[in-house]
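Novice: Encoded as C-alpha cells, here's the structure I'll be asking about.
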Amino acid sequence: MFIVNLTPRKSESEDEACFQTNANTYEIWYRRLGHVNFEYLKAMLSKQMVRGLEKLEGKIEICDSCIKGKMTRRPYENSYSETTKDPLELLHIDLCGPMKITSLGGKKYILTVVDQFTKIYFVEFIKTKDELPGVLQKLINKRENELNSTVKRIRSDNGSEFINDIMKQYFEHKGIKHERTVCYLPRSNGTAERANRTLLDKARTLLIDSALPLDFWAEAVSTAEYMHNITPTKSKDTTPMELWNGKKPSVRHVKPFGCVAFYKVFNNKRHKLQPKSKKGVFVGYSRNRKAYRIYDIEERQIHETSDVVCDKTKNGYAQKELPKNTENYTQIEYIWSNPENQQPDEPTNQPVIQERIDGTVSTEINDDLTTDDEEDGNQNISNRPVRNRRLPSRYEDYEVYAVSDATPETYEDAAVSQEKDKWKDAMDKEINSFEMHNVWEEVERPQNKKVIKSRWVHKIKELDDEKLYKARLVAVGCGERQGIDFEESFSPVMKWDSLRILLKIAAMKKSVVKFFDVKTAYLNGILNEELYMEPPKGYELRSNKVFKINKSIYGLSQSGRCWYNKFSEILAQAGLKKLKSDPSVYTKRAGKEFIHIGIYVDDFVIISSLAEMINQVIGSVKKEIEVKETTESNIFLGVE
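The number in my numbering is simply the position in the sequence shown, starting from 1, with 1139 added.
What follows is the structure, given as C-alpha cells:
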C-alpha cells in the first residue's frame, strides 16, 4: 500500500531521552514492530537485516494479546505456489469485506495485493466494490513506475469485482495475463488469502493491545501491512522491502501502535503562552508523506506530522491499566466473524484458552471477515435480525478524517471539516479554472449515452508553516470503454536515463538549465471523443442537465495522451523535433548552439547553450499554455 522510510529525527535521541528507561528491550521492540514473530526479531538482530536495531535485553513473555488475536487452526498446505525471479512477475490480489463496522474514513473493504517474489504487501481501503477497478489500476501503475517495470501476471479469485469488462479491458491494454482460481477451490489463491489472514491477525492483536475502539481497524491493518514489509518472512532471509527496492529498511522510527504520543502544535494554531505540543495516540504512518498519524482524544481528530515524541512504554488510549479480560476481544471478533457460519476449530493443546475463544477463530478469511454469499451460492443465512451498527456517539458531530490536519477523502469530509471554508475556496478555484479553459459546457442529458461520474481530490501542500489547500476535480475514468469512449491512452514520459544524459551534457558543456511546470496541464488537451459527465458534488445543475466534456480532464483514460499530443504540437511549432529513442525529448540546433527539452507529464527541463534560445521557446509556449519556472530549480520530479 505504502512504503514509508522515515528519517530518524533529532527527537529520537534527545527529546525522547526521558522515555528511554529500559526502552531497548525485547519486549518494547516486540510491540514497536507490531508483535512480530519472536524468531524473526532475533534473526533481524543477529543478521542485521534492518538499520537501527541494536543489542536487546530481557526476554519475551507469553503475550496475551497475541494469543487472543492470532490463535488459529492447523495450517493447510498451499499447493498452488510457484517460484518467480523478479518483482511484479506475479501479483496475487484479493478483496475482503464488507466489514461489520465502517472504518473512520467510511471504508468497508480491504484490497490486498501480494508480490510473489518479494512477498511485499500493498493494501488499499475502499467503500464499495465499484471503486475497486480504479483503485487497483492506480496501484498497479504506481508500483510499475517505482520499479520501471511492468506487471506480467495477476492471480485472483472469480469474484465479480475482478471478472468484469472494465478489468478485462485494462488487463488486455496493459498486456497483463489474468489467472483465475479453480472454481470451488478458493485455496488455489492461497497466497492472497494467507496475506489477509496475516494482516487481520496482526490488526486484531494491535487493537487488543492498544485498547483502541473498533473504528480504528483500518489504521491497525495499515500498520500491520507496514510492519510486515519491514520484517523478514519465513521463506526469505531478508525483508520484503529490501527485496522490493534494494534498500535495507530502518526501524529507528517505528512506534508501538496505540502508545502515548506528543505532537507539535504550529505557532499559528496556538497562543504564545500555550503548550507547544499536545498529547495523543500513535495510530500509524501517513500514506502520502513521511509523517506519523496521531489521534487527539480531546479534539477527536487525526493529525499527520513528523514532529512527534512518543512514550513507547505507555498505552495512549487507556486512562489506566487495562484489565486482562476478553471483553474487547469478543467485540473485535464481531467485526470479522459470523460465528453461526463457521466450522468448529481443530483441537488445540491449550484447552483453557480454547474455552475463551472457541467458535470465533477460523483460518477461512471469508468466514472471519464477511457474510457475503460464496461463489457456489451455498450459504447459511442467519435468522438473527441484522443489527444496524452506528459510529460511537463521540463521532456524531463529524467524522474523524474531516479535520484540519488530515486530508479529506471525499466532498462530504471536506464539507464538515473545520477548514471547510478553505476547501470551498479551493474547489471554487478549480471550477473557475474549468470555466476559463472551456473544459465543459452545460447540455441536456443525452439519450443512450454513458454519463461518467466525477469526484473531488483534496491535497494540503505545506510551505514552512503555511498550508495551501488544493482541490482537483477528476473524472471517474474507470467506467470508460475502450473503442467507444476512447481509442488510445498511452502517453510517453521521459526516461530516467534520458534525464541523466541531459544533465550530464549540461555539466560537460556548462549549459543553461531551467525547470518548468505547466499549470492545469491536462485541461489544455483537446478531447476528440464525445463524453458527458455528471455535475460535481457541491455544484449541482438544473434538472436533467449534465456537462459535455471538451478538454482532457484528470481521471480520463486518454487525458495523458491528449495533453502529450497538445504539448508536442506546441514544441513542433517552435521548431523542435522529437527523438526517436525517446519521444519525450525534443531538440533543436542552430549552428553550434543547441536546446534540448525533456518532458515528464506536466514538468519539463530545458538545457541550452544560450539563455536566449530558452527565452524564445518559452515565449512561444506561453502563447498557448500557462507555464512557470519552478523556484526550487534543484528539484525535478521530486529528485534532487
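No residue lacks a Cβ here, since even glycine has one placed at the ideal position from N, Cα and C.
Assign Val-1582 to one of two classes, buried (16 or more other C-beta atoms within 10 Å of its C-beta) or exposed (fewer than that).
Specialist: Translated into the one-based positions of the sequence shown, residue 1582 becomes position 443. That one is exposed.
Novice: Could you tell me the distance, in whole angstroms, from the CA atom of Asp-1742 to the CA atom of Pro-1388?
Specialist: Here residue 1742 corresponds to residue number 603 of the sequence shown, with the count starting at 1. Here residue 1388 corresponds to residue number 249 of the sequence shown, with the count starting at 1. Asp-1742 and Pro-1388: Cα-Cα distance of roughly 30 Å.
Novice: Looking at C-beta atoms only, is the number of pairs between the segment 1569-1586 and the segment 1549-1559 that lie closer than 8 Å three or more?
Specialist: Cβ pair count under 8 Å is below three, so no.
Novice: Name the two residues that bound the continuous beta strand (DSSP E) containing Thr-1257.
Specialist: Along the sequence shown, one-based indexing puts residue 1257 at 118. Element bounds for Thr-1257: n/a, residue is neither H nor E.
Novice: Given a cut-off of 9 Å, decide if Arg-1594 and Pro-1674 are closer than it, judged by their beta-carbon atoms.
Specialist: Against the sequence shown, residue 1674 aligns to sequence position 535. Against the sequence shown, residue 1594 aligns to sequence position 455. Cβ atoms of Pro-1674 and Arg-1594: not closer than 9 Å.
Novice: Select from Pro-1226, Phe-1405, Ala-1350 and Gly-1298 the residue whose C-alpha is nearest the C-alpha of Glu-1601.
Specialist: In the sequence shown, counting from the first residue as 1, residue 1601 sits at position 462. It is Phe-1405 whose Cα lies nearest to the Cα of Glu-1601.
Novice: Taking three-plus beta-carbon pairs below 8 Å as touching, is the segment 1415-1427 in contact with the segment 1351-1365?
Specialist: Because the criterion of three Cβ pairs below 8 Å is met, the segment 1415-1427 and the segment 1351-1365 touch.
Novice: Are the Cβ atoms of Gly-1699 and Val-1615 separated by less than 9 Å?
Specialist: Within the sequence shown, residue 1699 is the residue found at index 560, counting from 1. Within the sequence shown, residue 1615 is the residue found at index 476, counting from 1. For Gly-1699 and Val-1615, no; Cβs fall outside 9 Å.
Novice: Got a sec, what are the start and stop residues for the alpha helix (DSSP H) Arg-1282 sits in?
Specialist: As a first step, residue 1282 must be located in the sequence shown, where it is residue number 143. Note, Arg-1282: alpha helix (DSSP H), 1271-1286.
Novice: Going by other Cβ atoms of all chains shown within 10 Å of its Cβ, with 16 needed for buried, is Val-1760 buried or exposed?
Specialist: Here the question's residue 1760 lines up with position 621 in the sequence shown. The residue is buried, with at least 16 neighbouring Cβ atoms inside 10 Å.
Novice: Which residues does DSSP pair with Tyr-1440 in a beta bridge?
Specialist: On the sequence shown, position 301 is the one that residue 1440 refers to. Before going further, note that residue 1440 is Gln rather than Tyr in the sequence given. Asp-1435, per the DSSP bridge assignment.
Novice: Helix, strand or coil for Tyr-1550? Go by DSSP, reduced to three states.
Specialist: In the sequence shown, residue 1550 corresponds to position 411, counting from 1. In the structure shown, Tyr-1550 sits in a helix (DSSP, three-state: H, G or I).
Novice: Grab me the residues of Ser-1295's own chain with a C-beta within less than 6 Å of its C-beta, minus the 5 sequence neighbours each way, in chain order.
Specialist: Within the sequence shown, numbered from 1, the residue matching residue 1295 stands at position 156. Excluding residues within five positions, the ones whose Cβ falls inside 6 Å are Ile-1232 and Phe-1301.
Novice: Among Trp-1635, Glu-1381 and Met-1575, whose alpha-carbon lies nearest the alpha-carbon of Ser-1288?
Specialist: As a first step, residue 1288 is located in the sequence shown; it is residue number 149 there, counting from the start. Nearest of Trp-1635, Glu-1381 and Met-1575 to Ser-1288, Cα basis: Trp-1635.
Novice: Would you kindly work out how many angstroms separate the C-alpha atoms of Pro-1462 and Arg-1439, rounded to a whole number?
Specialist: Start at 1 with the first residue of the sequence shown, and residue 1462 comes out as number 323. Start at 1 with the first residue of the sequence shown, and residue 1439 comes out as number 300. Residue placement at Pro-1462 is poorly supported in this model, since its pLDDT is 35, which falls under 50; the coordinates still yield a value, given next. When rounded, the distance between both Cα atoms is 24 Å.
Novice: How long is the line joining the alpha carbons of Leu-1662 and Phe-1706, rounded to whole angstroms?
Specialist: Position 523 of the sequence shown, counted from the first residue, corresponds to residue 1662. Position 567 of the sequence shown, counted from the first residue, corresponds to residue 1706. One C-alpha to the other measures close to 12 Å.
Novice: For Thr-1370, count the other beta carbons within 10 Å of its own beta carbon; 16 or more makes it buried, fewer makes it exposed. Which is it?
Specialist: Residue 1370 sits at position 231 when you count from the first residue of the sequence shown. So Thr-1370 ends up on the buried side.
Novice: Would you please state the rounded distance, in angstroms, between the beta carbons of Phe-1261 and Lys-1246? I believe it to be under 8 Å.
Specialist: The count along the sequence shown starts at 1 and reaches residue 1261 at position 122. The count along the sequence shown starts at 1 and reaches residue 1246 at position 107. Not confirmed; about 15 Å, so no contact.
Novice: Let me check understanding here. Comparing Cα to Cα, which of Ile-1746, Val-1590 and Ile-1692 lies closest to Leu-1638?
Specialist: Translated into positions along the sequence shown, residue 1638 becomes position 499. With distances taken between Cα atoms, Leu-1638 lies closest to Ile-1746.
Novice: What are the start and end residues of the beta strand (DSSP E) that includes Ala-1614?
Specialist: Within the sequence shown, the letter at position 475 stands for residue 1614. That run of the beta strand (DSSP E) goes 1605-1614.
Novice: Might you give, ordered along the chain, the residues of its own chain that have their beta carbon closer than 7 Å to the beta carbon of Thr-1372, omitting 5 neighbours on each side?
Specialist: Taking the sequence shown and counting its residues from 1, one reaches residue 1372 at position 233. Hits under 7 Å: Lys-1258 and Pro-1379.
Novice: Is it true that the CB of Ile-1692 sits closer than 9 Å to the CB of Leu-1715?
Specialist: Here residue 1715 refers to the residue found at position 576 when the sequence shown is read from its first residue. Here residue 1692 refers to the residue found at position 553 when the sequence shown is read from its first residue. Cβ distance not < 9 Å, so Leu-1715 and Ile-1692 don't count as in contact.
Novice: Might you give, ordered along the chain, the residues of its own chain that have their beta carbon closer than 6 Å to the beta carbon of Glu-1763, omitting 5 neighbours on each side?
Specialist: The residue labelled residue 1763 in the question sits at position 624 within the sequence shown. Closer than 6 Å at the Cβ level, and outside the excluded window around Glu-1763, lie Ile-1709.
Novice: List the endpoints of the continuous beta strand (DSSP E) containing Ala-1334.
Specialist: For the purposes of this step, residue 1334 is taken as the residue at position 195 of the sequence shown. Counting along the chain, Ala-1334 falls outside any beta strand (DSSP E), though it belongs to the alpha helix (DSSP H) covering 1329-1349.
Novice: Straight-line CA distance for Ile-1305 to Ile-1441?
Specialist: What you label residue 1305 is simply residue 166 of the sequence shown in a count that begins at 1. What you label residue 1441 is simply residue 302 of the sequence shown in a count that begins at 1. In a straight line, the C-alpha of Ile-1305 is about 35 Å away from that of Ile-1441.
Novice: Excluding five sequence neighbours on each side, which residues of the same chain lie with their C-beta closer than 7 Å to the C-beta of Asp-1721?
Specialist: For the purposes of this step, residue 1721 is taken as the residue at position 582 of the sequence shown. Cβ within range, chain order: Met-1633, Lys-1634 and Ser-1637.
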